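**Q** Its first residue numbered 20, the sequence shown is counted upward by one per residue in the numbering used here. Positions of the beta carbon are idealized from the N, C-alpha and C atoms, including for glycine. These numbers were taken from a predicted model, which means no experiment stands behind them.
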Amino acid sequence: MIPFKDDNPTERFPYVTILLIVINSLVFLWEIFHPRGLQYVVYNYGAVPKFLLSLKSPQPVPAPITLFTSMFMHGGFFHIIGNMLYLWIFGNNVEDRLGHIRFLIFYLLSGIIASYAHALSSPQSTIPMVGASGAVAGVLGAYLLLYPHAKVHTLIFFGFFIEIITVPAIIVIGFWGLIQILNGLLSKGAGLEGGVAWFAHIGGFFFGLLTIKLWLPKRGRPLRRWR
Numbered sequence: 020m021i022p023f024k025d026d027n028p029t030e031r032f033p034y035v036t037i038l039l040i041v042i043n044s045l046v047f048l049w050e051i052f053h054p055r056g057l058q059y060v061v062y063n064y065g066a067v068p069k070f071l072l073s074l075k076s077p078q079p080v081p082a083p084i085t086l087f088t089s090m091f092m093h094g095g096f097f098h099i100i101g102n103m104l105y106l107w108i109f110g111n112n113v114e115d116r117l118g119h120i121r122f123l124i125f126y127l128l129s130g131i132i133a134s135y136a137h138a139l140s141s142p143q144s145t146i147p148m149v150g151a152s153g154a155v156a157g158v159l160g161a162y163l164l165l166y167p168h169a170k171v172h173t174l175i176f177f178g179f180f181i182e183i184i185t186v187p188a189i190i191v192i193g194f195w196g197l198i199q200i201l202n203g204l205l206s207k208g209a210g211l212e213g214g215v216a217w218f219a220h221i222g223g224f225f226f227g228l229l230t231i232k233l234w235l236p237k238r239g240r241p242l243r244r245w246r
């Protein structure tokens, strides 16, 4: 199930959403063309759980700074394409609802919460985490609460055949959230480390879901309703 657009019009131009996508893309280009290679950049500027919790790090920047550097880095083309696709589809509506500055702060804080959720789930890990997934997960949680019945156009794969269907956001995002929780629990049960930072996704998602009402402007526009 791959969403590619929604039927949820906005009134504000999504300056911040577009800016975030541009910054993520430029940072990724810097990563892949860095003279020392992608691995060097990831290990020096990624968020490492053990360093985040101890605040002692051999990296060239202080551990708290990696909360921000890691948020704009990605480990490969599919990684960044997936994150930016979800940010483009759902971020503009959350930005429209919160306003540009509130949305930017909400996005960054979602990423920080996500990083610490991952760090607390693997406190001794020295494997760096990179990606906008945690921050984007916060956006998904916010969208789910604000626009659960918005229509999302989604690609469904049946073997070699592809079908396009339109389903409510609560199904698309709810399914995504369920996958994160199940994989997070399975990874802990199997004692796996590395790979996908499932608990970063879970942490960001629940932060967005549970706090988005606190971010809404007091005199904001009424939410649209779908039938």
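Could you give the residue range of the beta strand (DSSP E) that holds valine 113?
**A** As a working mapping, residue 113 is identified with position 94 in the sequence shown. It is not in any beta strand (DSSP E) - valine 113 instead sits in the alpha helix (DSSP H) that spans 96 to 117.
**Q** Indicate whether the contact test is met: 3 or more Cβ pairs, each with one atom in the stretch 183 to 191 and one in the stretch 93 to 104, closer than 8 Å.
**A** No, they do not touch.
**Q** Tell me the rounded alpha-carbon separation between phenylalanine 224 and tryptophan 195.
**A** Walking along the sequence shown from the start, residue 224 turns up at place 205. Walking along the sequence shown from the start, residue 195 turns up at place 176. Cα to Cα, phenylalanine 224 sits roughly 10 Å from tryptophan 195.
**Q** If you drop the 5 nearest sequence neighbours on each side, which residues of the same chain put their C-beta closer than 7 Å to that of glycine 203?
**A** Mapped onto the sequence shown, residue 203 falls at position 184. Here the set comprises Trp217, Phe218 and Ile221.
**Q** Figure out for me which residue from Ser89, Val215 and Leu86 has the closest Cα to the Cα of isoleucine 198.
**A** Counted from its first residue, the sequence shown places residue 198 at position 179. For isoleucine 198, the nearest C-alpha among the options comes from Val215.
**Q** Since aspartate 26 sits in a beta bridge, which residues does DSSP pair it with?
**A** Here residue 26 refers to the residue found at position 7 of the sequence shown. The partner list for aspartate 26 (beta bridge, DSSP) is empty, contrary to what the question assumes.
**Q** Since I believe alanine 138 is in contact with glycine 153 (beta carbons under 8 Å), could you give me their beta-carbon distance rounded to a whole number of angstroms?
**A** Translated into the one-based positions of the sequence shown, residue 153 becomes position 134. Translated into the one-based positions of the sequence shown, residue 138 becomes position 119. Their Cβ separation, rounded to whole angstroms, is 11 Å, which puts glycine 153 and alanine 138 out of contact at 8 Å.
**Q** Does lysine 237 come out as helix, strand or coil in the three-state DSSP assignment?
**A** Position 218 of the sequence shown holds residue 237. Coil.
**Q** Provide the residue span of the alpha helix (DSSP H) that contains phenylalanine 47, from first to last.
**A** Taking the sequence shown and counting its residues from 1, one reaches residue 47 at position 28. Element bounds for phenylalanine 47: 34 to 51.
**Q** Does DSSP put phenylalanine 179 in a helix, in a strand, or in coil?
**A** Counted from its first residue, the sequence shown places residue 179 at position 160. In this structure, phenylalanine 179 counts as coil in the three-state DSSP scheme.
**Q** Quick check on proline 83: does DSSP put it in helix, strand or coil?
**A** To locate residue 83, count along the sequence shown from 1; it is residue 64. Proline 83: helix per DSSP, three-state reduction.
**Q** Can you tell which of Lys232, Arg238 and Lys237 has its C-alpha closest to the C-alpha of phenylalanine 125?
**A** For the purposes of this step, residue 125 is taken as the residue at position 106 of the sequence shown. Looking at the Cα atoms, Lys232 is the closest of the given residues.
**Q** Which residues does DSSP list as the beta-bridge partners of threonine 19?
**A** Look at the range of the chain in this structure, 20 to 246, and you will see that residue 19 is not part of it.
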